[in-house]
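In the working numbering, each number is its position in the sequence shown, counted from 1, plus 7.
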Amino acid sequence: MTQAMIQAEPQASLAEWLQQGPYQAYSYSYPHKSAYRALPARSLRDAWAAEDRSALFAYIHVPFCTMRCGFCNLFAMAQPAEALVESYVDAVVRQMRAMDRALGERRFARLAVGGGTPSYLPAALLERLYVAAERILGIDLQATPSGIEVSPETVTPERLRVCRAMGVQRVSMGIQSFAQHEVRALARPQQNAVVIEAIARIREAGFPVMNLDLIYGIDGQTVESWLSSIESALAFGPEELYLYPLYVREQTGLGKMAIRKAEQGADFRQALYAAARARLLAAGYEQVSMRMFRAPHAPCDNGPVYCCQDDGMVGFGAGARSYTRSLHYSSSYAVQRSATRSIIEDFIACDEAQFAEARYGFELDGDEQRRRFVIQSLLTDPGLSHAAYEQRFGAPVLEDLPQLQELTALELATDEAGLFTLSAQGVSYSDTIGPWLASTAVRRLMPDAPC
């Protein structure tokens, strides 16, 4: 479907979207950050004043890495100067002070440190961020479920000791593949010995939840090599596994090298997904979403499903997004190194008064709020509750979004006992269903919107 067709037909049928294949865009947040634009300066005290602040999510973004993987289109910078890293942490602490005043009375129910690679930070700077979160934001580190993202080469005993002392319960590590030719195809130099040692250190440190990320659709990957990586991961008994289909984006290393073979055949990724899903279900894992699988031995008292894209999230750091019901805001976004560095330097230059305002983001009207709620609920177990929707928006969901009935007509979802739930096939098409539910206005703002 062309851009002209989008403008001519605000809501194309799901059948038309399905013809384009199951891998169109990852709807992990709605609207996507590429739809954000410059805003008139808005006081964050005013933006948060009417929000429920009794169970907020604090997210701290660390946009630094040892290397930039060929598939990565995240806001991150590889091998920054030491002085830049220290100045960045100073700025995050300064932002916390500004938000302490802007938020007023509040309680944080969850904390995550993501990136980039937070474990790129020296242990002392990691500790400084956590201590600031406790002292300035009032987060009870020992009682609040928290997680951190790491990479194998940055997992050191010193960093892990800081994380455990600061109450971190969940460690998420990107492995992507245990096959050396596949990690080379991803432009990610990584040795299995380093991965195995990192996993051993995480286990020895005693974190209750270890998540491993794997990628499917890599050039040269087969069902057999993919299942071999699954088996290698299962041998370590991870409490969670995330399986990500490979997307090759224009500004990434792979995109610049025009390595697009993995995206030329959606059926290839579908076959890999189906094989992995069958293996994990046979191993007793529960499928929470298209990407997330939870082990039967995962602790059940570790708080809600790990998701930092819900309303009530307060982001700290360049690249971090914050979500109220009607306003999403952040710094601007880039992938290329020079632009990323410029954004980070602008962030470091901000004083507390500047950190107390939103200047870049997206304002959600009633229609966008409803679409966001539906997308966020529908694509994750257990699904979209009719009662929860009506309680929040004051009308039946099928009255507001009647196109949802197309899902049941195509047997991609069931609508029973007040719950709209994707079928197994529907889950496999999450990356088409999410974009299909996006508004025409949002798709027009996104330069790479599926159409």
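The C-beta atom is built at its ideal place from N, Cα and C for all residues, glycine as well.
| Item | Value |
| --- | --- |
| Count the other C-beta atoms from every protein chain shown that fall within 10 angstroms of the C-beta of alanine 109, then say buried if there are 16 or more, exposed otherwise. | buried |
| Please state the DSSP three-state secondary structure of proline 38. | coil |
| The alpha helix (DSSP H) that contains glutamine 361, what's its start and end? | 359–362 |
| At 3 residues or longer, what runs of the beta strand (DSSP E) sit wholly inside the segment 136–168? | 153–157 |
| Go ahead and pull the three-state DSSP assignment for aspartate 353. | helix |
| Any beta carbon of chain B sitting closer than 8 angstroms to that of phenylalanine 300? | Checking the listed chains, one finds no chain B in this structure; it contains a single protein chain. |
| Using three-state DSSP, classify cysteine 315 as helix, strand or coil. | Legend: pLDDT at cysteine 315 = 49, less than 50; position of this residue unreliable, value from coordinates given subsequently. Coil. |
| Output the distance between the C-alpha atoms of arginine 142 and glutamine 187, rounded to the nearest integer angstrom. | 44 angstroms |
| Given a threshold of 16 other Cβ atoms within 10 Å of its Cβ, counted over all protein chains shown, does tyrosine 313 qualify as buried or as exposed? | Confidence in tyrosine 313 is poor, its pLDDT being 46 and thus under 50, which makes the residue's placement unreliable; the coordinate value appears in the next sentence. Buried is the call here. |
| Could you name the residues that DSSP lists as bridge partners for leucine 248? | Leu219 and Phe300 |
| Cβ atoms of valine 169 and proline 306: under 8 angstroms apart, would you say? | no |
| State the start and end residues of the unbroken beta strand (DSSP E) segment that holds methionine 180. | 177–183 |
| Would you kindly report the start and end of the unbroken alpha helix (DSSP H) that includes glycine 373? | 373–385 |
| State yes or no: is the C-beta of methionine 132 within less than 8 angstroms of the C-beta of glutamate 160? | Here residue 132 turns out to be leucine, not methionine, going by the sequence shown. Their beta carbons are not under 8 angstroms apart, which means leucine 132 does not touch glutamate 160 by this criterion. |
| Using 8 angstroms for Cβ pairs, my map puts lysine 40 next to tyrosine 336. What's the rounded Cβ distance? | About 10 angstroms; that fails the 8 angstroms criterion. |
| Would you kindly report the start and end of the unbroken beta strand (DSSP E) that includes glycine 122? | 115–122 |
| Just to confirm, are glycine 181 and aspartate 220 a CB contact at a threshold of 8 angstroms? | yes |
| List the DSSP bridge partners of tyrosine 481. | A query on residue 481 cannot be resolved here, the shown segment of the chain reaching from 8 to 458 and no further. |
| Going straight from the alpha carbon of tryptophan 443 to that of alanine 172, what length do you get? | 44 angstroms |
| Going by DSSP in three states, serine 20 sits in which element: helix, strand or coil? | coil |
| So for tyrosine 436, helix, strand or coil by DSSP? | coil |
| For alanine 42, which residues in the same chain have their Cβ closer than 8 angstroms to its Cβ, ignoring the five residues on either side in sequence? | Phe369, Val449, Leu452 and Met453 |
| Could you give the first and the last residue of the continuous beta strand (DSSP E) run that contains leucine 426? | 426–429 |
| Classify leucine 419 as helix, strand or coil using the three-state DSSP reduction. | coil |
| Have a look at tryptophan 55 and proline 389 and give me their C-alpha separation to the nearest angstrom. | 29 angstroms |
| Per DSSP, what are the beta-bridge partners of phenylalanine 369 in this structure? | His335 |
| In this structure, does DSSP put serine 103 in helix, strand or coil? | In the sequence under discussion, the amino acid at residue 103 is methionine, which differs from the serine named in the question. Reduced to three states, the DSSP call for methionine 103 is helix. |
| Can you check whether the CB of tyrosine 330 is closer than 8 angstroms to the CB of arginine 276? | no |
| Using beta-carbon positions only, say whether methionine 297 and glutamate 247 come within less than 8 angstroms of one another. | no |
| Do three or more CB pairs link the segment 97–109 to the segment 372–389 at distances below 8 angstroms? | no |
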